[in-house]
Amino acid sequence: MAPSEGVLSGKISHEKDSCKKRRGRSVVKEEKMAVSFKELGLVNTKELFAKAIKGGYAVPAYNFNNMEQLQAIIMACAECNSPVILQISKGARQYANQTLLRYMVPGAVEVAREMGSNIPIALNLDHGDSFELAKSCVDYGFSNVMIDGSHLPFNENVELTKKVVEYARQKEVTVEGELGVLAGIEEHVSSEVTHYTRPEEVEAFVTKTGVDSLAISIGTSHGAYKFKVKPGESIPPLRFDILEECQRRLPDFPIVLHGASSVLVKYIEIINKYGGKMENTAGVPEEQIKKAVKTNVCKVNIDSDGRLVMTAMIRKFLAENPQEFDPRKYLGPAREALKEMYINKCRLLGSDGKA
Ligand SMILES: [Zn+2]
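The numbering of the sequence shown is the numbering used here, which starts it at 350 and goes up by one.
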């Protein structure tokens with residue numbers, strides 16, 4: 350055997366060993382991290398949604414990726430006494446580290462309690478794209494997981510969603526499915542065009558999968574560039590006919606709206622004033638959201654508006670205070686503005702005072 354081969358094969362077997370060790374470590378780690386959402390002080394969405402449907406409001410689902418966003422959400426909802434769904438996407442898990450996020454959430458629950466607030470808090474995986482990811486989140490203490498098989502053919506979507514429901518059910522974790530595809534871009538999810546939900550598929554999907562809630566596509570859209578409208582053109586209204594037909598077929602079944610940010614003009618203007626360049630942005634008008642929450646819609650996802658507020662406030666602060674370099678100085682005001690925006694959203698959804 351040539352010396353080089355020996356070195357090579359030795360290296361390969363060493364790599365195999367370390368792979369095995371790594372895999373072993375990750376199994377041990379996963380077992381160590383396994384926890385029920387109840388131990389983290391969280392609730393699933395069952396009762397949250399039942400109350401929301403009865404009360405004619407929607408529970409806000411706010412995404413977070415870092416401490417300041419999480420603080421703003423918790424402080425806002427505790428202050429206005431709103432139930433809340435904290436949302437973590439696959440991208441957030443990769444960005445902030447799943448272990449760190451897992452420990453931040455019970456910290457946030459504790460902060461709410463220290464504020465004297467008893468608001469119900471759920472933790473949701475936003476746009477889970479595989480059984481393995483959904484399972485991992487169930488095991489890590491999420492109280493709700495979304496499995497998004499909306500890009501798959503109907504039967505495959507049913508199969509994937511059902512598999513997640515069966516696993517989650519054992520741990521009392523609730524599951525959100527999706528039918529229809531939203532236009533726009535959100536991290537790993539993107540589509541050029543809207544594929545509206547077909548109400549005739551909704552009943553079969555819910556019955557076959559056993560999902561607890563369903564995201565539908567009625568014209569909302571992901572991101573800050575929701576509608577391709579020219580200046581002066583009006584934004585197309587949401588398809589309330591689809592929503593009403595879903596409601597007629599499945600009375601009292603929880604419906605979820607994604608991509609429901611309004612892309613607040615005030616913050617777009619600040620961004621552009623202080624060096625940003627965001628043109629032709631468009632969001633869902635707040636009156637449309639207000640109308641939607643009177644129906645079965647009981648969860649409304651807001652992510653883009655939070656991103657815009659932070660970016661606007663950080664740009665403004667740094668432009669006005671070029672000598673500053675302490676992150677607390679610019680993240681602090683951003684967090685404060687974010688909190689105010691979340692309180693306004695809770696009021697819009699009618700969830701304030703409903704905890
Ligand atoms: Zn979404």
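Cβ atoms here follow ideal geometry from the backbone N, Cα and C, with glycine treated the same way.
Euclidean distance between Cα positions of residue i and residue j
i: Leu-435; j: Tyr-574; result: 24 Å
i: Met-766; j: Lys-694; result: This structure cannot speak to residue 766, because the chain is shown only from 350 to 704.
i: Asn-412; j: Asp-652; result: 5 Å
i: Met-350; j: Glu-379; result: Note that Met-350 scores a pLDDT of 40, beneath 50, so its modelled location is shaky and nothing firm can be said.
i: Ala-704; j: Leu-667; result: 37 Å
i: Val-555; j: Asp-590; result: 19 Å
i: Gly-568; j: Phe-576; result: 9 Å
i: Ala-631; j: Ser-611; result: 7 Å
i: Val-433; j: Ala-401; result: 12 Å
i: Ala-399; j: Asn-645; result: 10 Å
i: Val-538; j: His-476; result: 8 Å
i: Asn-650; j: Leu-680; result: 23 Å
i: Glu-541; j: Ala-532; result: 6 Å
i: Ala-678; j: Glu-685; result: The question names Ala, but residue 678 in the sequence shown is Lys. Distance between the alpha carbons of Lys-678 and Glu-685 is about 12 Å.
i: Glu-505; j: Leu-528; result: 12 Å
i: Ala-340; j: Val-551; result: There is no way to answer for residue 340, as the model of the chain reaches only from 350 to 704.
i: Leu-657; j: Tyr-691; result: 12 Å
i: Thr-394; j: Gly-581; result: 40 Å
i: Met-416; j: Gln-447; result: 14 Å
i: Leu-697; j: Leu-509; result: 34 Å
i: Glu-428; j: Leu-599; result: 34 Å
i: His-607; j: Asp-497; result: 12 Å
i: Pro-671; j: Val-384; result: 45 Å
Closer than 7 Å: residue i CB and nearest ligand 1 heavy atom
i: Gly-608; result: yes
i: His-571; result: yes
i: Glu-525; result: no
i: His-500; result: no
i: His-544; result: no
i: Val-538; result: yes
i: Glu-535; result: yes
i: Asp-706; result: The displayed coordinates of the chain run from 350 to 704. Any statement about residue 706 would go beyond what the structure contains.
i: Asp-475; result: yes
i: Asn-506; result: no
i: Asn-393; result: no
i: Asn-650; result: yes
Residue i - DSSP class collapsed to helix/strand/coil
i: Ala-383; result: coil
i: Gly-702; result: coil
i: Val-530; result: strand
i: Pro-676; result: helix
i: Met-350; result: Bear in mind that a pLDDT of 40 at Met-350, under 50, signals an unreliable position, so the model cannot answer this.
i: Ala-573; result: coil
i: Ser-466; result: coil
i: Val-578; result: coil
i: Phe-548; result: Residue identity check: residue 548 is Pro in the sequence provided, not Phe. Here Pro-548 sits in helix by DSSP.
i: Lys-626; result: coil
i: Leu-744; result: Given that the chain is displayed from residue 350 to residue 704, the structure contains no residue 744 and the question cannot be resolved.
i: Gly-477; result: strand
i: Ile-361; result: With a pLDDT of 48 at Ile-361, under the threshold of 50, the modelled position of this residue cannot be trusted, and the question is left open.
i: Leu-472; result: strand
i: Cys-727; result: The shown model of the chain, from 350 to 704, leaves out residue 727, and the question about it has no answer.
i: Thr-510; result: helix
i: Ile-619; result: helix
i: Tyr-406; result: coil
i: Gly-355; result: Bear in mind that the predicted position of Gly-355 carries a pLDDT of just 40, short of 50, making it too unreliable to give a figure here.
i: Glu-689; result: helix
i: Gln-443; result: helix
i: Met-485; result: Here residue 485 turns out to be Ser, not Met, going by the sequence shown. It is helical.
Beta-carbon contacts of residue i that lie in its chain and below 8 Å, excluding the five residues immediately before and after
i: Lys-557; result: Val-507 and Lys-511
i: Lys-643; result: Gly-405
i: Pro-634; result: Ile-584 and Ser-611
i: Thr-546; result: Leu-528, Gly-529, Ile-565, Ser-566, Ile-567, Ile-591 and Cys-595
i: Ala-517; result: Ala-483, Val-487, Val-494, Thr-523 and Val-524
i: Val-392; result: Phe-386, Pro-469, Ile-470, Ala-471 and Ser-492
i: Glu-593; result: Thr-644
Residues of its chain near residue i, where Cβ-Cβ distance is below 6 Å and the 5 sequence neighbours each way are ignored
i: Phe-386; result: Gly-490 and Ser-492
i: Gly-559; result: Val-514
i: Lys-665; result: Ile-619 and Tyr-623
i: Asp-601; result: Ile-402
Cβ shell of residue i (< 7 Å), same chain only, five flanking positions each side left out
i: Asn-414; result: Ala-441, Tyr-444 and Ala-445
i: Ser-700; result: Tyr-406, Ala-407, Val-408, Pro-409, Ser-431 and Pro-432
i: Leu-397; result: Val-408, Pro-432, Pro-469 and Ala-471
i: Met-534; result: Residue identity check: residue 534 is Ile in the sequence provided, not Met. His-571 and Gly-572.
i: Ile-423; result: Ala-457, Val-460 and Ala-461
i: Lys-688; result: Ala-421, Met-424 and Ala-425
i: Tyr-616; result: Leu-657, Val-658 and Ala-661
i: Asn-621; result: Met-627
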